[in-house]
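Those protein sequence lines, which keep their order, are chains C and Y.
Under this note's numbering, think of the first position of the first sequence as 10, with each following residue one higher.
Under this note's numbering, think of the first position of the second sequence as 44, with each following residue one higher.
Where is the CB? At the ideal position from N, CA and C, for every residue including glycine.
Quick caveat, the model's predicted, so the values are computed rather than measured.
Notes follow once the structure below has been shown.
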Amino acid sequence: GDSVTQMEGPVTLSEEAFLTINCTYTATGYPSLFWYVQYPGEGLQLLLKATKADDKGSNKGFEATYRKETTSFHLEKGSVQVSDSAVYFCALLSGGYNKLIFGAGTRLAVHP
Amino acid sequence: GAGVSQTPSNKVTEKGKYVELRCDPISGHTALYWYRQSLGQGPEFLIYFQGTGAADDSGLPNDRFFAVRPEGSVSTLKIQRTERGDSAVYLCASSLSGTEQETQYFGPGTRLLVL
Chain C
10 GDSVTQMEGP VTLSEEAFLT INCTYTATGY PSLFWYVQYP GEGLQLLLKA TKADDKGSNK
70 GFEATYRKET TSFHLEKGSV QVSDSAVYFC ALLSGGYNKL IFGAGTRLAV HP
Chain Y
44 GAGVSQTPSN KVTEKGKYVE LRCDPISGHT ALYWYRQSLG QGPEFLIYFQ GTGAADDSGL
104 PNDRFFAVRP EGSVSTLKIQ RTERGDSAVY LCASSLSGTE QETQYFGPGT RLLVL
């Protein structure tokens, strides 16, 4: 079945460092791909998405490109802030477009 | 506008008891989803409603779990004979009509603890 694998955390960075969180997927066809973020004490929020190959999703300085050849959707940010500390989830839309399949999540901690 | 709301925010119960978890989707959203998030894991799909009907209940773990959405708005997830392994955060999400391009908006979750 469809699945998502993302790098294990925690990832600990200093402020203004470059961030990459790896995400790869296994799926039938070409599903829409998502990054969701969960800030401490808050619910899941959509960060960005891409619906077809080579699309780039972007939001709040974060970017991810849908790579069909490598079945990947890595999350990047050029300069992280303390406020980016959260858990990040990669996900794909499966099952006839009604079911999100999530990775296990990657915890990011950014220190001043 | 108001987002997805879930009640209660926390629920503690004893093994073997019955619990109900409630979800109020965003007004006008016809698609509603339930997920379960165990500690340290990503959310796992349970069930999807389109209007009043369960269009996909393939994620429900066993027949102790049941969900309803009688009027196509509020949904209730019901768990009978709770077990300690049911302890998790139960998340509800809604989207406008359930098509591929739409975003699923999540509620804050109900944290269930079965003692």
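Q. Can you tell me where the beta strand (DSSP E) with E63 of chain Y in it begins and where it stops?
A. For E63 of chain Y, the enclosing beta strand (DSSP E) begins and ends at 62-67.
Q. Going by other Cβ atoms of all chains shown within 10 Å of its Cβ, with 16 needed for buried, is N107 of chain C buried or exposed?
A. So N107 of chain C counts as buried.
(Q) Taking CB distances under 9 Å as the criterion, tell me whether Y76 of chain Y reaches chain C. (A) At least one beta carbon of chain C lies nearer than 9 Å to the beta carbon of Y76 of chain Y.
Q. Count the other CB atoms within 10 Å of the CB of Y45 of chain C; is the residue buried (16 or more) or exposed (fewer)?
A. By the 10 Å Cβ count, Y45 of chain C comes out buried.
Q. To the nearest whole angstrom, what separates the beta carbons of T80 of chain C and T35 of chain C, a pair I think is in contact under 8 Å?
A. At roughly 7 Å, the Cβ-Cβ gap stays under 8 Å, so T80 of chain C and T35 of chain C are in contact.
Q: Return the bridge partner residues of L82 of chain Y from the DSSP annotation.
A: Paired residue(s): none; L82 of chain Y is not in a bridge.
Q. Does L103 of chain Y have its Cβ less than 9 Å from a Cβ in chain C?
A. It does not: the Cβ of L103 of chain Y has no partner Cβ on chain C nearer than 9 Å.
Q: Go ahead and label G83 of chain Y buried or exposed: buried means 16 or more other beta carbons lie within 10 angstroms of its beta carbon, across all protein chains shown.
A: It is exposed - the Cβ of G83 of chain Y has fewer than 16 other Cβ atoms within 10 Å.
Q: Under 7 Å Cβ to Cβ from H72 of chain Y, same chain only, skipping five residues before and after it: list those, please.
A: Closer than 7 Å at the Cβ level, and outside the excluded window around H72 of chain Y, lie S137, S138, L139.
Q: Could you list the residues in the stretch 61-95 of chain Y with a C-beta less than 9 Å from some C-beta on chain C, going in chain order?
A: The stretch 61-95 of chain Y vs chain C, Cβ under 9 Å: A74, Y76, Y78, Q80, G83, Q84, G85, P86, E87, F88, Y91, Q93.
Q: Given a cut-off of 9 Å, decide if G150 of chain Y and S48 of chain Y are closer than it, judged by their beta-carbon atoms.
A: Yes, the Cβ-Cβ distance between S48 of chain Y and G150 of chain Y is below 9 Å.
Q) Would you say A38 of chain Y and R79 of chain Y are within 9 Å of each other, going by their C-beta atoms? A) Residue 38 of chain Y is absent from the structure shown; chain Y starts at 44 and stops at 158.
Q.
Going by DSSP in three states, G66 of chain C sits in which element: helix, strand or coil?
A. Here G66 of chain C sits in strand by DSSP.
(Q) Any C-beta of chain Y within less than 8 Å: which residues of the stretch 46-63 of chain C qualify? (A) Here the close residues are E51, G52, L53, Q54, L55, K58, T60.
Q) If you run the structure through DSSP and keep just helix, strand and coil, what is D11 of chain C? A) Three-state result, D11 of chain C: coil.
Q | Span of the beta strand (DSSP E), counted from its first residue to its last, around T37 of chain C | A | According to the DSSP assignment, T37 of chain C belongs to no beta strand (DSSP E), since it is labelled neither H nor E.
Q) Going by the CB atoms, is the gap between A100 of chain C and L42 of chain C shorter than 9 Å? A) Closer than 9 Å, so yes.
Q: Please list the residues of the stretch 102-128 of chain Y that have a C-beta atom closer than 7 Å to any C-beta atom in chain C, keeping them in chain order.
A: Listed in sequence order: no entries.
Q. For the beta strand (DSSP E) that contains D99 of chain Y, what are its first and last residues?
A. Segment 96-99, the beta strand (DSSP E) holding D99 of chain Y.
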